[in-house]
Amino acid sequence: MAGNKLKSEKKEPKKKKEQLPDPTTLKPDKEPEVKVKELVKDERTHKVLGAFFLLLALYCFIAFTSYLFTWEEDFDKVHRYSSSVLFRHEVEVDNLLGRLGAFTSHWFFFKGFGIASYLFCYFFFIIGINFIVGRRVFRFWRNVKYIIFGLLFISMTFAFLTGKSTFPWGGAMGDALNRWTSGFLGKTGAGLLLLVAGLSWIIWKFNVDFKWPEKKPKPVKEKEPFAGFGEPDEEEEGEPAPVFTAPAKSNAMKGDGSQITVIPPAEEEDFEQELQLIEKEEPAAKVITYIPPTPVPEPEPEPEEELVMTMHEPELEPEPEIYTPPPVSKKNTEAAEVAFEIKPVYEDPSDEEVEEIVPVREAVPVDPYEPTLDLRDYKYPSLEMLENHGSDKIVQDTTELEKNKNQIIDTLKNYDIAIQKISATVGPTVTLYEIVPAAGVRISRIKNLEDDIALSLSALGIRIIAPIPGRGTIGIEVPNVKKTIVSLRNMLASDKFQHSQMDLPIAIGKKIDNENFIADLAKMPHLLMAGATGQGKSVGINTLLVSLLYKKHPSQLKFVLVDPKKVELSLYKLIEKHFLAKLPGEEDAIITDTKKVVHTLNALCIEMDLRYDLLKEAGTRNIREYNGKFTQRRLNPQKGHRYLPFIVLVIDEFADLIMTAGKEVEMPIARLAQLARAVGIHLIIATQRPSVNIITGTIKANFPARIAFKVSSKIDSRTILDIGGAEQLIGQGDMLISFNGELVRLQCAFVDTPEVERVAEFIGEQRGYPDAFLLPEYIDEKDMEGKDFSLADRDPLFEEAARVIVQNQQGSTSLLQRRMKLGYNRAGRLMDQLEAAGIVGPNMGSKAREVNVKTEADLEEILNSML
Ligand SMILES: Nc1ncnc2c1ncn2[C@@H]1O[C@H](COP(=O)(O)OP(=O)(O)OP(=O)(O)O)[C@@H](O)[C@H]1O
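Structural data, given as structure tokens:
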């Protein structure tokens, strides 16, 4: 043992000696060996090549243009000496670019392709640009094909047209082609061939639309107004629709055989053309984005409900071109009712005037239902109510940038990591340094050294992203010394927000590259927010709510606000009659009590189920389609259909709720999160404590979009985002959002309390609805247990309640509340007593109870017998 110890002691100093060389003898770093392979891949090589090709293009262009003016003078000299002219000093040429210019032009023009030789300039130009920019700005092979075709076609055409001109218009190649073709097809044949080739190219390139004058469409002949709704006859099918704006492809996808069948082949080709163009314009993105030729929103395909499909066929189109009401038949009387408010204004078919057909669309004006007319004078808040918190201009401190850059390079060098390139993007709170490691450096090495590097850089809030997904670079985010506040006002003023077509646009914040991050809450579809106290959660919630208030009308959106802290959301009380929803009979729309939260969540579940029933009845799959149909007056309000506003549930402190109510809260939230998206109910849940017992697996699985402000530990960050990093944030609205499988660092937009107050006041002062939006009533079975009552204890209002119920033939607690101005509890108790007396049936969940007594006379009898 002792021997061993001695040995190791002896060894150690030796080892140390090897590790620490004498600083005085330090040699300068060896220049790294340059391998050919690396050289070829190196972007600098590409840039040099790019510059060379661009110069070559310019050189040829000048030489060729000069040749046009000097060819006669230079011709003999160059022709006589051929390539040796290059080395004959005594020969003087007129070409601007000397003997080389004269020789090159002669070679290209005379021996090659004549005037078409300019295409070589273009060829060198596109190679040069592609090399120098480092991506395929021009598609190489496509251009090569065009150039080859151009060389052959142009040279031959010029040879054909110019005949025996002394200037080599078509060059030797053009002449040879022309001679061969004229010999083979005759002069006329060769001319025709050129014409066909030229035309074909034009058609191919520009997709010229050849239109034969169309016949006037025949009038839709009907014996009686409702006759046009059945199977379309052949004539109708063949006819083009009067106005068609939707892309041919999307129509083709529907393939529903309805009357509006418009897939002209030309449109189909247009579509392909569009696709190619985008491919060409954005080659580097490698994403083929289909932008529909027209901005008509495309509805999702309809559900495959047989009955509904057949009855509502024309309704499947996004914009019905020809609307014809349904035939009244036994089979589909329902369909006839569905189209109840459409005014068929067909002309009498016998009338000669019908020949002068007006587009059918105009002939059937459908006055769409406009939900905003509920409060037609409602004015949206103006941007002036919000403040500009300093300038949104980002300050770039070059010395700070330089210092950080050098520190990063030095730190990495300490770990033997060489880098090829470093670039910086300055964001509002952090600067992203993007590093391209030298060839051969493994990214995993950098990843393993993440903590050490962060420590060496010794700045607070450093985050290393190795690699940045999709970029192949490594990112190091370093906080800025001077941070910029992102004002919500500026984000809302941006074009992206102002012109957004999203259902529920929310301006969240700015990315590092200063791009505004505006997302659609409806697509998220729910949002989970976490962050330690004081890191910007409440500001974040205000930002989201205010964004929605700036974009939505009270008829289109309702908030259910849960605020266990009692103070955070109290500002919104002012907009109760415009934007808030509450339980029937409740005083306060903002819910602060846990018990009521459970009731509200269950009421939301009932609302969700009711909405699903409505959607099913209407044969629609989501709220968008449903509201679309409703506004087109295809759904009958008398059958319970109504315009469905979006409902956004906001819970400001979720941890509190879970601690006090546990499963009672978790279950309805999980249910809503799983199912409510299609019916327009969306959840925003915030918590200070992102621990696993609060953000349970069930909750997490149903919230794909998650925001983390600064949290206190890596574990918390993992709980919320499934990855560390949020503990490295610097607070004050610095956040990470995980959405669509991407993790993005944002600076949350800032809106101060006085601003929110101003907006709420402005809305609150306007005319609103008589009450907040009422959620369906929820009866907690537990509350009702053991409440059998003796008839002697019955409520003094019992008889009155019984009369209200029997008169309306509707066993609903909310009816009692409304008619008798009662609170929820008393109305619920009365309903129990009515059940015990046999006047109404048992509780049926979301539906009204059955009323067992049909007439008032019967009721009086019962009441008398009870005396
Ligand atoms: N986006 C932001 N930009 C600039 N400063 C911000 C931002 N968000 C928050 N802050 C600053 O941080 C402070 C605390 O923010 P906030 O009240 O939203 O924290 P919180 O997480 O809700 O705290 P608590 O959980 O205790 O309510 C704010 O008063 C503000 O000064």
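Each residue of the sequence shown is one higher than the last, beginning at 472 in our numbering.
By construction, the Cβ of each residue, glycine as well, lies at the ideal position given by its N, Cα and C atoms.
Check: Please tell me whether R1148 and L998 are closer than 9 Å, where the distance is taken between their beta carbons.; Outcome: no
Check: From which residue to which residue does the beta strand (DSSP E) around P1247 run?; Outcome: Per DSSP, P1247 belongs to no beta strand (DSSP E) and is neither H nor E.
Check: What separation, rounded to the nearest whole angstrom, lies between the Cα atoms of P1047 and E1078?; Outcome: Checking the sequence shown, residue 1047 turns out to be Glu, not Pro. About 19 Å.
Check: Just the Cα atoms here: how many angstroms apart are P839 and R1104?; Outcome: 6 Å
Check: Taking 8 Å as the threshold, find out whether the stretch 963 to 982 comes into contact with the stretch 1009 to 1018 through three or more Cβ pairs.; Outcome: yes
Check: Alpha carbon to alpha carbon, how far is R847 from P1108? Give it in angstroms, no decimals.; Outcome: 20 Å
Check: Rank G654, I600, F638 and W675 by C-alpha distance to the C-alpha of F620 and give the top, closest one.; Outcome: W675
Check: Assign G657 to buried or exposed, taking buried as 16 or more other Cβ atoms, counted over all protein chains shown, within 10 Å of its Cβ.; Outcome: exposed
Check: Tell me, which residues are paired with D991 by DSSP?; Outcome: P976
Check: Do K1181 and I1194 have their C-beta atoms closer together than 9 Å?; Outcome: no
Check: If you run the structure through DSSP and keep just helix, strand and coil, what is F611?; Outcome: helix
Check: Taking the continuous alpha helix (DSSP H) assigned at I600, which residues delimit it?; Outcome: Y589 to V604
Check: Measuring CB atoms only, is the stretch 956 to 965 touching the stretch 921 to 941, in the sense that at least three cross pairs come out at less than 8 Å?; Outcome: no
Check: Does at least one heavy atom of ligand 1 sit under 8 Å from the Cβ of F432?; Outcome: Because the chain here runs from 472 to 1338, residue 432 falls outside it and cannot be looked at.
Check: Grouping DSSP H, G and I as helix and E and B as strand, with all else coil, what is G1312?; Outcome: coil
Check: Nearest to R1290 by CA position, among P842, L1120, T575 and V1275, is which residue?; Outcome: V1275
Check: Helix or strand or just coil, what does DSSP make of F1117?; Outcome: strand
Check: Can you check the stretch 898 to 970 for any alpha helix (DSSP H) of at least 4 residues that lies completely inside it and give the ranges in chain order?; Outcome: 914 to 919, 921 to 928, 959 to 964 and 966 to 969
Check: From which residue to which residue does the beta strand (DSSP E) around I1156 run?; Outcome: I1152 to T1158
Check: Could you tell me the distance, in whole angstroms, from the CA atom of L1051 to the CA atom of F1030?; Outcome: 5 Å
Check: Under 8 Å by Cβ, that's how I've got A1319 and G1294 pegged, so tell me the actual separation to the nearest angstrom.; Outcome: Their Cβ separation, rounded to whole angstroms, is 19 Å, which puts A1319 and G1294 out of contact at 8 Å.
Check: According to DSSP, which residues form a beta bridge with D1205?; Outcome: Q1218
Check: According to DSSP, which residues form a beta bridge with E1000?; Outcome: The question names Glu, yet the displayed sequence has Met at residue 1000. DSSP, once it has assigned bridges, lists A1157 and I1178 as partnering M1000.
Check: So is I1234 buried or exposed if we call it buried at 16+ other beta carbons inside 10 Å?; Outcome: buried
Check: Thinking L1042 and A1220 are a contact (beta carbons under 8 Å), I'd like their distance in whole angstroms, please.; Outcome: That pair is no contact at about 17 Å.
Check: How big is the Cα-Cα spacing for E536 and G946?; Outcome: As written in the sequence, residue 536 is Thr, which differs from the Glu given in the question. The straight-line gap from Cα to Cα measures roughly 49 Å.
Check: Taking all protein chains shown into account, do 16 or more other C-beta atoms lie within 10 angstroms of the C-beta of R551, making it buried, or fewer, making it exposed?; Outcome: exposed
Check: Are I944 and I906 closer than 9 Å when you measure CB to CB?; Outcome: For the record, residue 944 in the displayed sequence is Thr; it is not Ile. Closer than 9 Å, so yes.
Check: Does ligand 1 have a heavy atom nearer than 8 Å to the CB of F1125?; Outcome: no
Check: Tell whether a beta-carbon distance below 9 Å holds between I1062 and V1033.; Outcome: yes
Check: If you compare alpha carbons, which of V952, T900 and I935 is closest to D984?; Outcome: T900
Check: Thinking C-beta only, is A937 closer than 9 Å to I956?; Outcome: no
Check: Any heavy atom of ligand 1 closer than 8 Å to the beta-carbon of I1140?; Outcome: no
Check: Are the CB atoms of K1023 and L1342 within a distance shorter than 9 Å?; Outcome: This structure leaves residue 1342 out entirely; the chain is present only between 472 and 1338.
Check: For A978, which of A1003, F532, N1013 and L571 has the nearest alpha-carbon?; Outcome: N1013
Check: For a test of the three-state rule: what should DSSP assign to V1136, helix, strand or coil?; Outcome: helix
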